[in-house]
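Colleague:
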Amino acid sequence: MNDSSRNRAIPFWKMSGSGNDFVVIDNRDGILPQELASSFTRAVCRHRVSVGADGVVLIADSVEPGVHFEWRYINADGSDGEMCGNGAMCGARFAMLNGIAPAECVFRTESGLVHAWVGSDPACPNVRIAVADPSTLRSGVELIAAGRELSLHAITVGVPHAVAIVPDVDAFAPGDELVPIGRSVRHHDVFSPAGTNLNVIAVRDRHTIRMRTYERGVEAETLACGTGAIASAIATTSLELTEPPVTVITSGGRPLRVDFTWQNGRAAAVTLGGDARVIVRGEIDPEALD
Numbered sequence: 001m002n003d004s005s006r007n008r009a010i011p012f013w014k015m016s017g018s019g020n021d022f023v024v025i026d027n028r029d030g031i032l033p034q035e036l037a038s039s040f041t042r043a044v045c046r047h048r049v050s051v052g053a054d055g056v057v058l059i060a061d062s063v064e065p066g067v068h069f070e071w072r073y074i075n076a077d078g079s080d081g082e083m084c085g086n087g088a089m090c091g092a093r094f095a096m097l098n099g100i101a102p103a104e105c106v107f108r109t110e111s112g113l114v115h116a117w118v119g120s121d122p123a124c125p126n127v128r129i130a131v132a133d134p135s136t137l138r139s140g141v142e143l144i145a146a147g148r149e150l151s152l153h154a155i156t157v158g159v160p161h162a163v164a165i166v167p168d169v170d171a172f173a174p175g176d177e178l179v180p181i182g183r184s185v186r187h188h189d190v191f192s193p194a195g196t197n198l199n200v201i202a203v204r205d206r207h208t209i210r211m212r213t214y215e216r217g218v219e220a221e222t223l224a225c226g227t228g229a230i231a232s233a234i235a236t237t238s239l240e241l242t243e244p245p246v247t248v249i250t251s252g253g254r255p256l257r258v259d260f261t262w263q264n265g266r267a268a269a270v271t272l273g274g275d276a277r278v279i280v281r282g283e284i285d286p287e288a289l290d
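Each residue of the sequence shown is one higher than the one before, starting from 1 at the first, in our numbering.
#1: Where do the N-terminal and C-terminal ends of the alpha helix (DSSP H) with residue 38 fall, by residue?
#2: Once you ignore the five residues that flank residue 43 on each side, which residues in its own chain have a CB closer than 8 Å to its CB?
#3: Determine the extent of the alpha helix (DSSP H) in which residue 174 is found, giving its start and end residues.
#4: Is the distance from the Cβ of residue 272 to the Cβ of residue 85 below 7 Å?
#5: State the DSSP-derived secondary structure class of residue 185, mapped to helix, strand or coil.
#6: Examine the ligand ATP and report whether any of its heavy atoms sits within less than 6 Å of the Cβ of residue 17.
#7: Tell me the DSSP secondary structure of residue 86 in three-state form.
#8: Apart from the five residues on each side of it in sequence, which residues of its chain come closer than 6 Å, Cβ to Cβ, to residue 133?
#9: Suppose you measure from the CA of residue 160 to the CA of residue 280; what does that come to, to the nearest Å?
#10: Within 10 angstroms of its Cβ, does residue 99 collect 16 or more other Cβ (buried), or is it exposed?
#11: Nearest-angstrom Cα distance between residue 46 and residue 78?
#12: Below 8 Å, how does it come out for the region 54 to 72 and the region 18 to 32: are there three or more Cβ pairs, yes or no?
#13: CA-CA distance, residue 204 and residue 285?
#14: For residue 125, does the count of other Cβ atoms within 10 angstroms reach 16, so buried, or fall short, so exposed?
#15: Roughly how many angstroms lie between the CA atoms of residue 241 and residue 233, to the nearest whole one?
#16: What does a CB cutoff of less than 6 Å around residue 238 pick up in its chain, not counting 5 residues either side in sequence?
#17: Nearest-angstrom Cα distance between residue 35 and residue 195?
#18: Kindly indicate which residue of 214, 108, 26, 158 has the alpha-carbon position closest to the one of residue 227.
#19: For residue 27, I'd like the list of residues in its chain whose CB is within less than 7 Å of its CB, leaving aside the five on either flank, ordered along the chain.
#20: With burial defined as no fewer than 16 other Cβ atoms inside 10 Å of the residue's Cβ, what is the status of residue 151: buried or exposed?
#21: If you follow the alpha helix (DSSP H) that residue 228 is in, where does it begin and where does it stop?
#22: When you compare only the Cα positions, how much space is there between residue 165 and residue 247?
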């Protein structure tokens, strides 16, 4: 951050999308210069010494016809994320509550246009989004991560994901044991150079799965992952273990609902539903960025 930016308090909202937490900023007036966004994000996302978050969402004006705003997501490590499902839902609700966009809106992300439907009741946190069609699922990716033999299903849902299906998610990697496994998969040569997110899931019934996620860019286990929920539901449907709609039980306890059509081995018309809650509104003091 340069001196002029360090001396300015920046208005923000802290929001939670089913357990993923974000700093959301109305950046239509350029209060946070684009070239400083990465260093700002690294500083502000630190837990205990700053606001703490999984990432930062910036809302900017769009000059594109039919597009209500531009959405940019920056991971906690300062890297840009092409897409973030829960971050997109939080951005849509933020835009609606601030009069930037209507309850039914369209916004531009790095991975394409996202359509959103936000509950018109300001007290209702429910949001649903429609995302660009994911890539073809690639199954049978075999590797060893942190001493574990894994058979993974790889797919891109705006960002890359790997899915491991196990009998019991919590017994497979209790507590912090998921972190070294996730880190090893994320940096494995199979997924080089971009890396990947890792979702470890268990099927509960034909319409329900349990999911834990190690997120690239956060470099830790998070309480939820919207694109990971989509990837996981597609993987289990491809194996005929589930059928849409699929409810995904996250570690944050707030379910995500994934729906899509299954045609010729690919998912289309994908939607993600969950909640995007406002946690706090305020200003980020320059001291939080030291």
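Virtual Cβ for every residue (Gly too), placed ideally from N, Cα, C. These numbers come from a predicted model, not from an experiment.
Modeller: In terms of the structure at hand:
#1: For residue 38, the uninterrupted alpha helix (DSSP H) segment begins and ends at 37 to 44.
#2: Sequence-distant partners of residue 43 (beyond 5 residues in either direction) whose C-beta falls short of 8 Å from its own C-beta, in its chain, are 1, 50, 288, 289, 290.
#3: No alpha helix (DSSP H) contains residue 174, which DSSP labels as neither H nor E.
#4: With respect to the 7 Å criterion, residue 272 and residue 85 are classified as neighbours on the basis of their beta carbons.
#5: Correct three-state label for residue 185: helix.
#6: Ligands are entirely absent from the displayed structure, and the ligand ATP is therefore not among its contents.
#7: In the structure shown, residue 86 sits in a helix (DSSP, three-state: H, G or I).
#8: Cβ neighbours of residue 133 beyond the five flanking positions: 268.
#9: Whole-angstrom Cα-Cα distance: 31 Å.
#10: Exposed: under 16 other Cβ atoms inside 10 Å.
#11: Our two residues, residue 46 and residue 78, have alpha carbons roughly 11 Å apart in a direct line.
#12: Taking 8 Å as the limit for Cβ pairs, the verdict is that the region 18 to 32 does touch the region 54 to 72.
#13: Each residue's Cα considered, the two are about 45 Å apart.
#14: Under this definition residue 125 is a buried residue.
#15: Spanning the two alpha carbons is a distance of roughly 9 Å.
#16: 137, listed in sequence order.
#17: Rounded to whole angstroms, the separation of the alpha carbons of residue 195 and residue 35 is 24 Å.
#18: When only C-alpha atoms are compared, the closest one is 158.
#19: Cβ contact annotation for residue 27 (same chain, cutoff 7 Å, sequence separation greater than five): 58, 59, 60, in chain order.
#20: Looking at its Cβ environment, which holds fewer than 16 other Cβ atoms inside 10 Å, residue 151 is exposed.
#21: In the DSSP annotation of this structure, the continuous segment of the alpha helix (DSSP H) that includes residue 228 starts and ends at 226 to 238.
#22: If I take the Cα positions, the gap works out to 16 Å.
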